[in-house]
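Using UniProt numbering, you'd call the opening residue of the sequence shown number 1 and step up by one each time.
Note that the Cβ used here is the ideal one computed from N, Cα and C, for glycine as well.
Nothing here was measured: the structure is a model prediction, and the numbers come from that model.
Written out below as structure tokens is the structure these notes cover.
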Amino acid sequence: MSVEQGTIFIFILQKYWIYLLFIGSSQSTHLHSINYLEPVDIFFEPLDSKLSPVIDKSRNMTCGHLGIDEACIIIKSNVDKVVKFQYQSMECDNCSYLEMKPLKPFEEQKLIIKFASFGTMWQVSNGDNKSFCSEEQIYLGESSWYHINVNNTGCSLVCDKQPENVVYPILIALGFYALLFFLAWAGKLIYRSRFFNNVFHRKSLEELAAAYSSSSTIEEKKKPHQQRLRSLDTVRGLSLVIMIFVNYGGGRISIVVMIFVNYGGGSYTFFNHSHWNGLTVADLVFPWFIWMMGMSMAISMKSQLRKIVSKKKIFLNILRRSIILFSLGIMLNTLCLNVNLLDLRVPGVLQRFGVSYFVVATAHLFFASADEETAVGYSFKDLVSYKVEWLIMLMCLAMHLVLMFVVHSPDCPRGYFGPGGLHDHGLYENCTGGAAAYIDTIILGSRHLYQHPESKAIYHSVVPCDPEGILGYFTSIFLVFLGLQAGKILLMFKDPTARMVRWTLWGIFTGMGAGILCCFSKNDGWIPVNKNLWSLSFILATGSLAFILLTMCYFVIDVKKYWSGAPFYHAGMNSILLYVGHEVTHNMFPWSWQVQPTHMHELFMDLWGTSLWVLIAVYMHYKNNFIAI
């Protein structure tokens, strides 16, 4: 793969990733300058792969060392008038241009472009707003150097250093882990082969051991036991590993998925959270995990009711677990900080787990029974048997929508849920998050909210907006309920095909609902897909993918048994240990250390930290040690 092909591939992947997730029809990013300029011809010199990797020494200014996802442009004025260079990221929806310090006649300036992977728009004009260059959309590429020569007839854009191919680290990592899985598979085949038995006499030793085993042990092995749904633990473990990876930085690439995401995801934009609207790999992890909590809830509650545990005792267990989750979340919010109760962040991931679990589990407790599989025998018994429960959850959604579209800050319009800052040319600069942020500020106070929203880097937002805020609790409760619905299907229908058909249909219906709400667009729908606000379209889209992923894993792992689910299965069995553990050791060696700011170095470190936690989970499983709340 050539450098040009690699950079184009990454650009397409990052630009259109969201289309693969049910919301990706054609979209346009609207960028306007305060002063509209007449377009003139712009001349570009073609990129030459033989260009020197360093900038031309005839110029005095150089770009120096660039960080991850950065590009450099040197603007050289060859005219006797003041020149203005304006630019903006293509990720910034409906934003005004940012402007460099005006260039004096025959002066040159250097500009470091952040988030170069999103693409950049720019234009050049003189002090009288006469255009030298019209608007252009261009993908500069990471660590690339360019210079723009401005003269009386137009501009020329010349590449002095080609962009780095950021695909190679991903391909190397995929190849390495594919080799590990192949070696593990081959080793397992050899271990079970007749050759191994003959050489090491494994079979005879096993028979000898069996001869000395007691009859009571034999009888114990014959006792039937309920088989655990391995696909559920596998999906949970996969999500956890990605979360840890992204939290660590992921070589900044976005519980294995959760760990990977939390480590930083190799510093790749598509493995980090969306800056506002949209959906990335990192955005999937938390909702998948909360959805699976609902599915586990159905299985656990049925088991307790069959053991004739009183509903009062079950409720006390629900209350105890919710309080522990909420308290753990508060404690993790103070990690590595000098605790000041006046600035303590109240919302958080585990806090949302605790509240959502309490509401859905308590509601389900009133209607759950020990003999659900013997309920009225028709195709929709999983719905009809829980009509009142559905009514309660739909009321939660209605409450969310009413608050979102009716409540507003005195200086902000109703129904606005944009990022504020530069969005809409700065008209609603202090309206970040709309009703969601306003309600959080009124109830909790701005000092108790997350102070660094994802929108800050692109939109220059100045108002705190917590991604785990109060208004999002209503939609997260409904997402837990969707997971509970998947669990009801598992319990009420014993035929694997019946289960998979229903899960698939739920995935299609919720996915179409998300697409309709966002008009299959990133920014132009009625309710855009937004992780920061946990919008209705967001929980439907992520719930849809959870249904589909569970169906696929169930078919491969539990039905056909092509794969055991390892090592993600082991991670899913100890999810709370891995989540809390990776948060506590986030900046500790040997999980993390200082590396050069490149995708290769950060990806290696983040995969290393993630792999260590997977090995810990495998060891805990081997020792039969499981930590649960």
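Contact check, residue i vs residue j, beta carbons under 7 Å
i: T234; j: I576; result: no
i: L484; j: G329; result: no
i: H273; j: E454; result: yes
i: G237; j: A628; result: no
i: S117; j: T280; result: no
i: V360; j: V285; result: no
i: F547; j: G507; result: yes
i: R345; j: Y450; result: yes
i: A436; j: L550; result: no
i: G420; j: Y428; result: yes
i: H400; j: T475; result: yes
i: G445; j: F417; result: no
i: Q137; j: G119; result: yes
Residues bridged to residue i [DSSP beta-bridge criterion]
i: E108; result: K76
i: C159; result: Y146
i: E164; result: Paired residues: none, contrary to the question.
i: Y554; result: Paired residue(s): none; Y554 is not in a bridge.
i: F85; result: V124
i: L103; result: V83
i: K302; result: Per DSSP, none; premise fails for K302.
i: A71; result: I113
i: N574; result: N574 is not bridged to any residue.
i: N530; result: N277
DSSP state of residue i mapped onto helix, strand, coil
i: T120; result: strand
i: K313; result: helix
i: H364; result: helix
i: H621; result: helix
i: Y450; result: coil
i: V388; result: helix
i: G187; result: helix
i: Q137; result: strand
i: L208; result: Caution applies to L208, whose pLDDT of 41 falls short of 50 and renders its modelled position unreliable; the value that the coordinates give is listed next. Looking at L208 - three-state DSSP - the assignment turns out to be helix.
i: L422; result: coil
i: N277; result: strand
i: N587; result: coil
i: C95; result: strand
i: G154; result: strand
i: N333; result: helix
i: F604; result: helix
i: F176; result: helix
i: F132; result: strand
Alpha-carbon to alpha-carbon, residue j and residue i
i: P452; j: M600; result: According to the sequence provided, residue 452 is His. The question's Pro does not apply to it. If I take the Cα positions, the gap works out to 27 Å.
i: E207; j: Y191; result: With a pLDDT of 49 at E207, under the threshold of 50, the modelled position of this residue cannot be trusted; read the value that follows with caution. Their backbone Cα atoms lie some 17 Å apart in a straight line.
i: D524; j: I516; result: 11 Å
i: W613; j: S310; result: 37 Å
i: V167; j: I439; result: 42 Å
i: E45; j: H147; result: Low confidence applies here, because E45 scores a pLDDT of 35, under 50, leaving its location unreliable; read the following figure in that light. About 11 Å.
i: S592; j: G187; result: 31 Å
i: A541; j: K104; result: 51 Å
i: K76; j: N151; result: 9 Å
i: L305; j: K560; result: 30 Å
i: V158; j: H460; result: 30 Å
i: N35; j: F85; result: Summary for N35: the model assigns pLDDT 33, below 50, so the residue's position carries little reliability; its value from the coordinates is reported in the next sentence. Rounded to whole angstroms, N35 to F85 spans 13 Å at the Cα level.
i: M331; j: M301; result: 28 Å
i: G175; j: F181; result: 10 Å
i: I68; j: S327; result: 36 Å
i: A178; j: L505; result: 32 Å
i: M492; j: K307; result: 18 Å
i: A363; j: L325; result: 19 Å
i: P224; j: K488; result: Low confidence applies to P224: its pLDDT is 40, below 50, so where it sits in the model is not reliable, and the reading given next is rough at best. Their backbone Cα atoms lie some 23 Å apart in a straight line.
i: K522; j: V407; result: 24 Å
Residue from the options with nearest C-alpha to residue i
i: K110; options: C72, S89, A498, H423; result: C72
i: I323; options: A514, S356, L305; result: S356
i: R352; options: W503, G472, K81, L449; result: G472
i: P163; options: E142, A486, K456; result: E142
i: P287; options: W608, H423, F509, I539; result: I539
i: F358; options: Y386, D411, M297; result: M297
i: L316; options: H400, N338, L365, C465; result: L365
i: C412; options: M573, C431, L422; result: C431
i: Y579; options: I113, F289, G543; result: F289
i: V388; options: M404, V407, D466, A368; result: A368
i: F626; options: L171, Y569, Y562; result: Y569
i: G581; options: Q137, A617, Y87, I527; result: A617
i: Q503; options: S96, I74, Y554; result: At residue 503 the sequence reads Trp, which differs from the Gln that was named. Looking at the Cα atoms, Y554 is the closest of the given residues.
i: M404; options: S535, L232, K312; result: S535
Heavy atom of the ligand HEM within 6 Å of residue i beta-carbon
i: H601; result: With respect to the ligand HEM, the structure shown offers nothing to examine, as it has no ligands at all.
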